[in-house]
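Heads up, the thing below is written out as structure tokens.
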Amino acid sequence: MRLFLAFIFSGILLFASEMTASSYANDDFDAEFNDTQNKELFDPLSSYNESMTTFNDSFYEYILKPTAEGYAFIVPQQARNGISNFFDNLLFPIRFANNLLQLKFFNVLEESERFMINSTMGILGFRDLADEELSIKAHDEDLGQTLGYYGIGSGFHIVLPFLGPSNVRDLVGLSGDMWLNPINYFEARHLNLLKNQEQALATTAFFTINETSLHVKEYTQLKKDAIKLYPFMRSLYESRRNKLIHE
Amino acid sequence: MNKTIKHFLLFISLSFGITNHSLYAIEENKISAFMQTNIDLATTILRDKKLYKNEKSEKLFVIFDSIFDYTLMAQLSLGSKQWSLLDASKQNEFTKLFEEKLKLSYMNKLDLYTDEKIVIKNLEKIKDTRIHLTTHLMKNSEVYEIIYKFYKNKNNDWLIYDVDILGVSIIQTYRTQFADILTKEPFEKLLEKLKQPDEETPKKQ
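Residue numbers (my numbering), protein chains in the order written: chain A, 3 to 249; chain B, 2 to 206.
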């Protein structure tokens, strides 16, 4: 009988030691996740951000998405892909400059090749021949990533009207990239593709509707996983940007 | 005496549970091969046009259940501090809801599957008890990186505790949301939110 009890007792002890082992392992894990996103997260604009997220979400669901769907109904996919390629080719200066700034010379070379091939044989960029025929892919880089590449921290999170999630660093980057963006209009800029502010706005709207029409369900699909939209989008955006910077 | 017998039975069932589990243990040097088998199996199920969506997910979850540590995932998504504040029944309830949420979220994506392929690219031992398995999901000519994060539990099994998709950690995403909810609302409210079916789910699909 005593032996039996001893057996039970040792069993319970064993069980207890396992319990402590599991909580120890857990501390170990917490360090893995307690990164900048969780450690006393600095989010001074959180209430503004939260309402702007709701605003953007409604804008997307009730205005942009239906518009893009209507547009997709009229314009065949092939044409929309062509238009998307055309704009993509036009945005070459942003990719070129930022790859150069990050000293990614091979990418700079590939970007230049792409621009030359697609602008000529790809008929003003409507066809992405460089990718189709030669498998030369675009190297998306923006100024926010360039700043991150040089070690500049993201700063706090800012949700921009219409444009969605961003942060201090990416906002600074965005203004720089806008200067390089051919479909924007700046009086102070020597070279302007478009004649005035109205044209720039209309072109940007068209570009946005065309892009959205090609990815219409993606945001809605993504959003299904959210339990609370604002922290979900913030976490997604910041993690993704970090990954892109380190690539 | 009754009580001791109860304990004894508990102990037996526990140890049985453990030994039973270790039969399926993934050993370190077999992770890649084991995962490749599972990925191939999962791909076959996904491609099977004869299966209904719920049959597919049922078959897939059998595979997942043996390699994912849902309990730990639930715990990590909440953070150990918050977790330790809960009593056992609440912990269980939360774990169950969390597992359901993960599975539901996966099921919702089944329709998106067309002919993607997943290949194992790299296995990296981060430290004694962590392994990252990097895989590439190929769709047309695009490549997406998915990292499965394994840990070694006390029975020397390797189990998945997090998945990183394009740099976004699933656990981190839940963690941020749960932390945000819990700064403003009580835990009960979080459970309620987990119970809610997705509001945005379109009816037509």
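By construction, the Cβ of each residue, glycine as well, lies at the ideal position given by its N, Cα and C atoms.
Query raised in the report: How should I27 of chain B be labelled, buried or exposed, when 16 other C-beta atoms within 10 angstroms of its C-beta is the threshold for buried?
Result: Stepping through the second sequence from its first residue, residue 27 of chain B is reached at position 26. Buried.
Query raised in the report: So with Cβ pairs under 8 Å, would you call N58 of chain A a contact of chain B?
Result: Counting from one through the first sequence, the residue named residue 58 of chain A turns up at place 56. By this cut-off, N58 of chain A is not an interface position.
Query raised in the report: Between the stretch 174–187 of chain B and chain A, which residues of the former have a C-beta closer than 9 Å to a C-beta of the latter?
Result: T174, Y175, R176, T177, Q178, F179, A180, D181 and I182
**Report entry** R191 of chain A, enclosing beta strand (DSSP E) - first and last residue
**Finding:** For this step, residue 191 of chain A is matched to residue 189 along the first sequence. Counting along the chain, R191 of chain A falls outside any beta strand (DSSP E), and DSSP gives it neither H nor E.
Requested in this report: May I have the straight-line CA-CA distance separating Q178 of chain B from E52 of chain A, to the nearest angstrom?
Outcome: For the purposes of this step, residue 178 of chain B is identified with residue 177 of the second sequence, where counting begins at 1. For the purposes of this step, residue 52 of chain A is identified with residue 50 of the first sequence, where counting begins at 1. The alpha-carbon atoms of Q178 of chain B and E52 of chain A are separated by roughly 13 Å.
Report task. Quick one: list the residues of chain B neighbouring R242 of chain A, beta-carbon separation under 9 Å, in chain order. Result -> The count along the first sequence starts at 1 and reaches residue 242 of chain A at position 240. Correct list: L167, G168 and V169.
**Report entry** Backbone secondary structure at Y114 of chain B - three-state DSSP
**Finding:** One-based indexing of the second sequence puts residue 114 of chain B at position 113. If DSSP states are grouped into helix, strand and coil, Y114 of chain B belongs with coil.
Query raised in the report: Does S156 of chain A get closer than 8 Å to chain B when you measure Cβ to Cβ?
Result: On the first sequence, residue 156 of chain A is found 154 positions in, with the first residue counted as 1. So no, S156 of chain A is outside the interface.
Query raised in the report: Taking contact to mean at least 3 C-beta pairs separated by less than 8 Å, is the stretch 84–103 of chain B in contact with the stretch 47–62 of chain B?
Result: no
Query raised in the report: Quick one: Cα of A228 of chain A to Cα of R236 of chain A, how far?
Result: Translated into positions along the first sequence, residue 228 of chain A becomes position 226. Translated into positions along the first sequence, residue 236 of chain A becomes position 234. About 11 Å.
Query raised in the report: Under a CB-based cut-off of 8 Å, is S86 of chain A close to chain B?
Result: Mapped onto the first sequence, residue 86 of chain A falls at position 84. By this cut-off, S86 of chain A is not an interface position.
Query - Residue-level contact to chain B via CB, Q39 of chain A, 8 Å cutoff - result: Position 37 of the first sequence, counted from the first residue, corresponds to residue 39 of chain A. Caution applies to Q39 of chain A, whose pLDDT of 46 falls short of 50 and renders its modelled position unreliable; the value that the coordinates give is listed next. Closer than 8 Å to some Cβ of chain B, the Cβ of Q39 of chain A qualifies, so yes.
Requested in this report: Within its chain, find whatever has a CB closer than 6 Å to the CB of S24 of chain A; leave out the 5 residues flanking it on each side and keep chain order.
Outcome: Taking the first residue of the first sequence as position 1, residue 24 of chain A is located at position 22. Because the pLDDT at S24 of chain A is just 45, under 50, the model does not fix this residue reliably, and the point stays unresolved.
Query raised in the report: Who are the near neighbours of Y71 of chain B in its chain, counting only those whose CB is closer than 6 Å to its CB and skipping five residues on each side?
Result: Within the second sequence, residue 71 of chain B is the residue found at index 70, counting from 1. Result list for Y71 of chain B: E100, in chain order.
**Report entry** Proximity below 8 Å, CB of I32 of chain B to CB of I132 of chain B
**Finding:** If you number the second sequence from 1, residue 32 of chain B lands on position 31. If you number the second sequence from 1, residue 132 of chain B lands on position 131. In this structure, I132 of chain B lies closer than 8 Å to I32 of chain B by Cβ.
Requested in this report: Determine the closest residue to L231 of chain A out of A:A33, A:F35, A:F57 and A:L196, with distance taken between C-alpha atoms.
Outcome: Numbered from its first residue, the first sequence carries residue 231 of chain A at position 229. Out of A:A33, A:F35, A:F57 and A:L196, A:F57 has the C-alpha closest to the C-alpha of L231 of chain A.
Query raised in the report: Can you find a CB in chain B that lies within less than 8 Å of the CB of I125 of chain A?
Result: Start at 1 with the first residue of the first sequence, and residue 125 of chain A comes out as number 123. Chain B contact via Cβ: absent.
Query - Within chain A, partners of L77 of chain B - CB distance below 7 Å - result: The count along the second sequence starts at 1 and reaches residue 77 of chain B at position 76. Here the neighbours are F31 and F35.
Query raised in the report: According to the Cβ coordinates, are I119 of chain A and L105 of chain A closer than 8 Å?
Result: Working through the first sequence from its first residue, we reach residue 119 of chain A at position 117. Working through the first sequence from its first residue, we reach residue 105 of chain A at position 103. For I119 of chain A and L105 of chain A, no; Cβs fall outside 8 Å.
**Report entry** Ranges of the alpha helix (DSSP H) found wholly within the stretch 49–135 of chain B, counting only runs of at least 4
**Finding:** 54–68, 71–79, 81–85 and 89–108
Requested in this report: Output, in chain order, the set of chain B residues within a Cβ distance shorter than 8 Å of R236 of chain A.
Outcome: Here residue 236 of chain A corresponds to residue number 234 of the first sequence, with the count starting at 1. By Cβ distance, chain B contributes T177.
**Report entry** Start and end residues, beta strand (DSSP E) containing G178 of chain A
**Finding:** Counting from 1 along the first sequence, the entry for residue 178 of chain A is found at position 176. Taken as a continuous stretch (DSSP letters only), G178 of chain A belongs to no beta strand (DSSP E), being part of the alpha helix (DSSP H) at V170 to L182.
Query raised in the report: Opposite K153 of chain B in the DSSP bridges: which residues?
Result: For the purposes of this step, residue 153 of chain B is identified with residue 152 of the second sequence, where counting begins at 1. In the DSSP output, where bridge partners are listed per residue, K153 of chain B has B:W159.
Query raised in the report: Does the distance from the C-beta atom of Y62 of chain A to that of Y239 of chain A stay below 8 Å?
Result: Taking the first sequence and counting its residues from 1, one reaches residue 62 of chain A at position 60. Taking the first sequence and counting its residues from 1, one reaches residue 239 of chain A at position 237. It is not a contact, given that the beta carbons lie outside the stated cut-off.
Query raised in the report: Can you check whether the CB of L176 of chain A is closer than 8 Å to the CB of G157 of chain A?
Result: Counted from its first residue, the first sequence places residue 157 of chain A at position 155. Counted from its first residue, the first sequence places residue 176 of chain A at position 174. Against a cut-off of 8 Å, the Cβ pair of L176 of chain A and G157 of chain A comes out as no contact.
Query raised in the report: In whole angstroms, what separates the C-alpha of S86 of chain A from that of F128 of chain A?
Result: Walking along the first sequence from the start, residue 86 of chain A turns up at place 84. Walking along the first sequence from the start, residue 128 of chain A turns up at place 126. The alpha-carbon atoms of S86 of chain A and F128 of chain A are separated by roughly 8 Å.
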